[in-house]
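As structure tokens, the structure follows; a few thoughts come after it.
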Amino acid sequence: MMSVGLLLPEIIVGAAGLIVLIERLFSKGEPGRKDAAWFGAAAVLVALFATFKLFGTNVTAFYGSYRVDDLAVFFKIVALAAAGLTLLFAPDFLAPRGVKTGDFTALVLFAAGGMMLLPSALDFITLFISLELISISFYVMIAMQRGEVRPAEAGLKYLLLSGMASAILLYGMSLIYGLTGSTYLAAIRQALSAGEPPILAGIACLMILAGLGFKIYLVPFHMWAPDVYEGASSPTVAFLASGSSAAALAAVLRLFGESFAGLAGLWVPILLIMAVITVAVGNIVALPQTNVKRLLAYSSIAHAGYILLAIVAGGRSGTAAVMYYSLLYAFSVVAAFGVISAFAETSGGDIRSFAGLARRAPFLAFVMMVALASLAGIPPLAGFMAKFAVFAAAVQAGYIMVAGIALLLSVISIFYYFQVIKVMYVEEPAEATPITFGLGTYAALLLGLAGIIMLGVVPGPLMHIAQVAAGFARF
Amino acid sequence: MVALPCYLGISTLLFVIGLFGALTKRNAIVVLMCIELMLNAVNINLVTFSRFIDPQALLGQLFVIFTIAVAAAEVAVGLAIIIVLNRYRDTVNLDDFTWLKG
Amino acid sequence: MDGAQTGAYAAFGAMTALVIGGGLGVVFFRNIFYAATSMVLCFLGVAGIYFSLQANFLAVMQVLIYIGAVAIMIVFAIMLTRRSQMVDTNRFVRSLSQLAIALAAVTCIGIILIELAIFAPWQISGKVPAPDITRFLGEAMMSRFAIPFEIAAVLLLVALIGAVMIALEEVRKS
Amino acid sequence: MSFPVVSATVFAPLAGALIISCIPASRKEVIRWVAAVATGISFILSIYLVLAYDLSAGGVQFIEKVDWLPTFGIKYFMGADGISVVLLLLTAIVGFTGVFASWGIQNRVKEYFITFLALTFACAGVFAAFDLFLLFVFFELAVLPKYVLIAVWGSTKKEYAAMKLALYLTLGGAIILLGILCLYFVAGLNTMDILVLAQHSFTHQQQVWLFALLTLGFAVQVPIVPLHSWLPDAHTGAPTAGSMILAGVVMKLGAYGIIRVALWFFPEGAVVWAPLIAIFAVICVVYAAFVAMGQKDLKYMIANSSISHMGYSVLGIAALSVASLTGAVFQFFAHGIMAALNFALAGMTYDRTHTRIMAAMGGLAKVMPVLAIAFAIGALASVGLPGTASFWAEFSVFVGSFPVFPLWAILSISGIVFTAYYMLRAVQRVYFEPLKKEYAELKDAVWYDWVVISVIIFFIVAMGVYPSLLMDLIGSGLEPILAGLPEAKPAIDLGWLSALGGVK
Amino acid sequence: MPEKGLNAYPAVVEWLGGFVPNWLAEVLYRVGAGVLICILIATLALVLVWMLRKVIGHMQCRLGPRVTGPFGLLQTAADALKLLQKEDIIPANVDKLLFILAPYVTFFSTGMIFMVLPLSPTWILNDLDVGVLFFVAFGSLASFGLLMGGFSSYNKYSMVGGMRSVAQVVSYEVPMVLALLGAVMLAGSLSTQQIVLQQEGLWLGFIPKWFIFLQPLGFAIYFLCGLAETSQTPFDLPEGESELGAGFNTEYSGMRWGLFFLAEFANAFAISAMATTLFLGGWHGPVFSFLPWLWPFVWFMAKAVALTFCMMWIRSTWLRFRIDQMMDFGWKVLVPLSLLNIFISAGEVAIIRSGIIARLIGG
């Protein structure tokens, strides 16, 4: 009974997904309905409560392949928050475009289930299958928009690259399995830290990094991001950017923080260089972008670079920083894409469509500004605290030069974020019609806004939770 | 019994062939096929290791069952997308799609 | 090397030919249907390898899923997206430099991996697998790997429904 | 816990901004009055702080301490020592008068006052924060309102100017953040409390490099000359009140940071780098003065003159003596209100003539005598005429720095000559040449202009006549900082620099 | 319970190993098995085709072949001879390689199925531990041959026929495998021989312990799917003559066509044989003292042929489905039913394991 209790949030989410699917099967389903999404959001809320109750559990179950500790719970909450917010504003976007909300809701819930399982996975098999559950749900979500070819193209690109990435990931896993004789992370750690690990283990570890790097926008595995961000529908992208990478980061934390600690001499320098390159590529390539969705894709890449710094920094504060960053990034990015989906989709997120948004929809413009400022790291918003935590971890670990370079590169980001703010506030709108949006969007944006501001102004409790949770990263 | 490195040799070769194809082919379906080759290489590895190194717990074989399932799922979704794209664009060549800038 | 060894190596050689030949065929046949067919051969070879490693269950699953499902789906897709001329449907990318870089990189990776794989300190266990592997796998799926098993179920459901979601509504539209 | 005076002073504008955000945009008059009341409260409270500060006790008073980010030992730690009190007063004056200077704004009034009040709030926060992290937060907090203020309500090249400002300030912020993190972990005290960190003795090597890092970051904000190019564009592009607060307060943030953090924590580092800083300070004074002389645009001229004036402050800091530092801080105040006055008058003039090119104006004293007189007072204060606040400031900077850097001190005194030249020439060109026909109908100061002019001029004159009020406060604030200095000895041989700049 | 003694493979290889090197013994065994299967299939086909003609003839009030040989028994042989000497036509625009290969692929994979059929306690070519899955796997490989044939003809009827048949095979494979699972669960093994052994004995002294009595639904689903797998009426859409010419083998003639034809019959028989194995007790039956080793084989063949007869019966009496009806029936009726069947089987396994029945009926 105990072990089923551990899975309660996942079961709730999965069951809700199934219920939505079954309802979809039997209802005639006029496309304008939004109740499936509301139901999904309610289920997420229930699961959120169930997850909160798991704080402080810290047990390993199912023959050592599944662990519920504060770290996992934290990432489960990130996944649920991302899913919940997405489900709130998604129907406003999907319903008018003839997409069945139920389909999308079910996919979001299943993907969220994967995102919740992944941080708990303590063996390669569970880890891989959860990762793939996320991926496959996203293939469908990305490609499913009707009447346009862009989403399908984006979906194909994501699928092919993700497929390649998982093949590489699996190859690395298979080699590790061969070298250590186990797929359990604990056993692998033991085997790798006993004596000098072979070079092949290092190569395998890099292959795993490449595979997971795809999910966390690690340059050079980031190529998919701009096209997918531009091609896919905004709710999908919001969920992708906020949830998927966070879950993958949890896996990275477990793998690289713990299992491959014995190989740190090899992957730390490489990851350090990649982090700087990722920050540089993300920030510099974002500069000439004229499409806000593409711009945010590159911004995601840049942020991945900062997070990588914290991963390399490791230890308690590094881990805590990664966790903190994931949650706050989720809020910011969901808010940003919530705004985009509220009005800018028809023109594909082109920056010109943002002109004069402050006049047409002051609330949207304000949320967008706060979200972007948070991403830019302007205090007292959440993004600033997160950035602070990351760089603090990096400096604490002694990577001062790297932190400095990354910080200077991050200054560039001000340019493109503020560019959008400027367009919204300074330029005259092409058409003066006010923009209307649904209640769900309003609620999601309000929640996102509250998250960004509250967690920025009162970061103490959450930071504390992250710190405590980071202590449980060991298994 | 054939020695373990021979199996690894095959799997590596297959993996590399798949990778090469996946990186250089223009036809989306072929890229998908090449990814399947790579996954098969992984499976050979896993089965080999579970026979030679871990014959009692057989974790590798269990792993393979899951990778096979995932591969099938991936192909199903991939082909669905390819067919939809083919309807729109009348082509399955990757460079005929507007891949934008990349 | 006694007779059994010779036989095993002969069988292994045949399987290698199938696997590698099939793999090369996928990449180098210019007719995509031939590529698909050689992929089937490759999968058959892999199944043979599983048999030789006493993984009968997986060997059969390999045939059942990879050939019976994956390959057939792919051939279906080929037929549905068929051009009038099948020759020259499986081309390489246009840019030669990309081809060259990929070839070089892949060769390097291959050489390094094989080199390392041969000389890595594999800890070969002398034990033999339990007699009833299929039962063992089944029981493991229901106990040890119950969670991944359930996740896989959801994953397949998502793939099944997702593929329909993507492809079906288009039909209604057109 | 007693009434949190400092927080109230700092947060009053923010509260005003929040109230305004709830008022419908069409109620412009209400919005203006709310802003005036908010800054007015802040103004009154800051005067109260000046009067209530216990000089005999010294140190940091009105302390408010709440745990904020315990994992990093970060607290919400507000308070005021002598320097803070003075600068809070400055901020309050500029904020209060800024509201009246913006009374005439018609475009997006609601958003304008929200932004303006937010900016005032952020600046005041910097001066009151005694937690390093909190200080940095307020520092960065100011960037976005500044950007918006310039980008939306600015004039020429506003978008370019705003972006340039944002980039430069964030760059400075990034360097400061790196420095703060380094010093935090080097100290290893798990606290960001400035008072605690100031007691920590860093090794010499640490002091040298951390001082350099932090000063570099703050120098962007001052700005010291090679890093200054954002300033003229920004000041010129900003709306009147924006320019006022930019020149009056924002420019002080950087220099304040140097004193509060770099100098206090790393006296040895300061000694090492001081000669180099002095050189840049002098370049600042002279170069900016020269540039100002060549300007045709009134606001560009005042902006460059601000850089030039801040050069005195930096020189005062570099000299590291009691008198020079006191002068430097006093210069913050003096230049703050004076620059605010100058920009306000430039703005008022512009509002009437719709040009800022001095050559295009002329003889305006005939139609607007009040503004002309006020401008003349501002110009004289700028020159450092005895009886104005800036006289005392510049005087003590010279007195303090001459023994240390005689050559540089003399050179920068010569800057006054340039200042006199361009300021007085401007007065003459704008107000005293023959009146142009198209300006014959212009009106003189209205009531809200009066508020601005009278408040600022009152302070210019009052502090010119009775400087010791603030001087004593500043002196008490500088005491702990100066206490660390004498033992500091340069270990890196910067002999050639010393030879250029004289010997301490 | 006899274990591996029932498997011909090790015994024969060991026996051969007495004369030749081990590896040669293996090869010889496989070649021999292959030849044996070919002969078996050919013979079966001859008999079954004759039977089909006779059965359908009589059902339609005709007589069927009766001139060539006694009861027309040699009619099929004569037809085969005719096919063999027919001109081997390869149409000009087909893809030659695939066109030639396709029938062999289908025939080969059908033949592989015979490897795991337990014809009698000792007559099984290879008692794999995954025999049932082996049967399913090579059944699906066969459909690849159909696709190849359909595709390589470059003829739209062939192609549509090929795709239809494969779609049908793939769709019906799902409920079929699920239905098989019922028997597998009851037997607790995937080995065909073991499954047969599990069906030994009688309940209450007179009901044979065949799984069909526990799994009527499973048997029904399996049999229906079997019909679809082998494109028998009412699922013979791939070769619906009225719509598609002759389906995937429109362009085929001569012995190539013959191979497809053979494979189809062999497949039909294999389905019946597998049904016999899984549900009808395989080779179990009364053994008489006269030639005791032969009786199991006789029972097995009798059951399998009886099932084949049922197929013919259906063929001669039923109408053809429309394609969408066929698909709907597969996915919306058979799949849910087969899932239900799995639950039923699980319940049965639980009941049997608990021993309640044994206590009740004392057996």
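Chains as they are written, first to last, in this note's numbering: chain C, 2 to 476; chain X, 66 to 167; chain U, 2 to 175; chain L, 24 to 527; chain D, 1082 to 1444.
By construction, the Cβ of each residue, glycine as well, lies at the ideal position given by its N, Cα and C atoms.
- Within the model, the alpha-carbon separation for D:Ile1122 versus D:Leu1200 is close to 14 angstroms.
- When DSSP reads this structure, D:Leu1283 sits in a beta bridge with D:Pro1289.
- Across the set C:Leu446, C:Ala44, C:Met386, C:Asp351, the C-alpha of C:Met386 shows the shortest separation from the C-alpha of C:Val323.
- Each residue's CA atom was taken as its position, placing C:Ile135 and C:Leu171 some 16 angstroms apart.
- At a cut-off of 8 angstroms between beta carbons, D:Asn1103 contacts chain U.
- For the options C:Asp351, C:Gly452, C:Arg317, the alpha carbon positioned closest to that of C:Ala467 is the one of C:Arg317.
- Within 8 angstroms of the CB of D:Phe1219, the CB atoms of chain U belong to Val64, in sequence order along the chain.
- Annotation: D:Ser1312 to C:Gly164 spans about 36 angstroms, alpha carbon to alpha carbon.
- For the pair C:Leu119 and C:Ile271, the Cα-to-Cα distance works out to about 25 angstroms.
- Exposed is the label assigned to D:Phe1424, since fewer than 16 other Cβ atoms lie within 10 Å of its Cβ.
- Of the other Cβ atoms in all chains shown, 16 or more fall within 10 Å of the Cβ of L:Pro290; this residue is therefore buried.
- Judged by DSSP secondary structure, L:Gln230 falls within the alpha helix (DSSP H) whose first and last residues are 227-244.
- Cβ neighbours of L:His332 within its own chain (closer than 6 angstroms, five residues either side excluded): His358.
- With its beta carbon less than 8 angstroms from one in chain L, C:Ile415 belongs to the interface.
- For L:Tyr462, no beta strand (DSSP E) run applies, since DSSP gives it neither H nor E.
- Going by C-alpha positions, D:Leu1179 is about 44 angstroms away from C:Val220.
- Ranked by how close their Cα comes to the Cα of C:Leu310, the residues C:Met275, C:Val286, C:Ser301, C:Lys294 have C:Met275 in first place.
- C-alpha of L:Trp91 to C-alpha of L:Ala432: approximately 44 angstroms in a straight line.
- When DSSP states are grouped into helix, strand and coil, L:Glu87 belongs to the strand group.
- By the CB criterion at 8 angstroms, C:Leu373 and C:Ala407 fall outside the cutoff.
- Excluding five sequence positions before and after D:Phe1215, the CB atoms of its chain that fall closer than 6 angstroms to its own CB belong to Val1197, Leu1209, given in chain order.
- Residue pairing by DSSP leaves D:Thr1389 without any beta bridge partner.
- For D:Ile1171, no alpha helix (DSSP H) run applies, since DSSP gives it neither H nor E.
- Excluding its 5 nearest sequence neighbours in each direction, X:Val129 has C-beta neighbours in its own chain below 7 angstroms: Asn108, Leu111, Val112, listed in chain order.
- Within the stretch 30-48 of chain U, the residues whose Cβ lies closer than 9 angstroms to any Cβ of chain X are, in chain order, Ile33, Ala36, Ala37, Met40, Cys43, Phe44, Gly46, Val47.
- Look at the stretch 375-428 of chain C and you find these whole runs of alpha helix (DSSP H), each 4 residues long or longer: 383-397, 401-426.
- Runs of the alpha helix (DSSP H) lying entirely within the stretch 268-312 of chain L and spanning at least 4 residues, in chain order: 274-280.
- Your pair L:Ala363 and L:Met267 checks out as a contact, with CB atoms roughly 4 angstroms apart and the cut at 8 angstroms.
- The C-beta distance from C:Ala202 to C:Leu180 rounds to 5 angstroms, short enough to meet the 8 angstroms contact threshold.
- The shortest CA-to-CA distance from L:Ser44 to any of C:Pro363, C:Thr52, C:Lys77, C:Leu207 is the one to C:Pro363.
- L:Met101 is bridged by DSSP to L:Glu87, L:Ala152.
- Along the stretch 27-51 of chain L, there is no position whose C-beta sits under 8 angstroms from a C-beta of chain C.
- Residues of chain U with a Cβ closer than 9 angstroms to the Cβ of C:Gly114 are, in chain order, Ile152, Val155.
- U:Ala70 belongs to the set of residues whose beta carbon lies under 8 angstroms from a beta carbon in chain X.
- Contact annotation, C:Phe332 with C:Gly452: C-beta distance approximately 4 angstroms; criterion of less than 8 angstroms satisfied.
- In the displayed model, X:Asn92 falls within a strand according to three-state DSSP.
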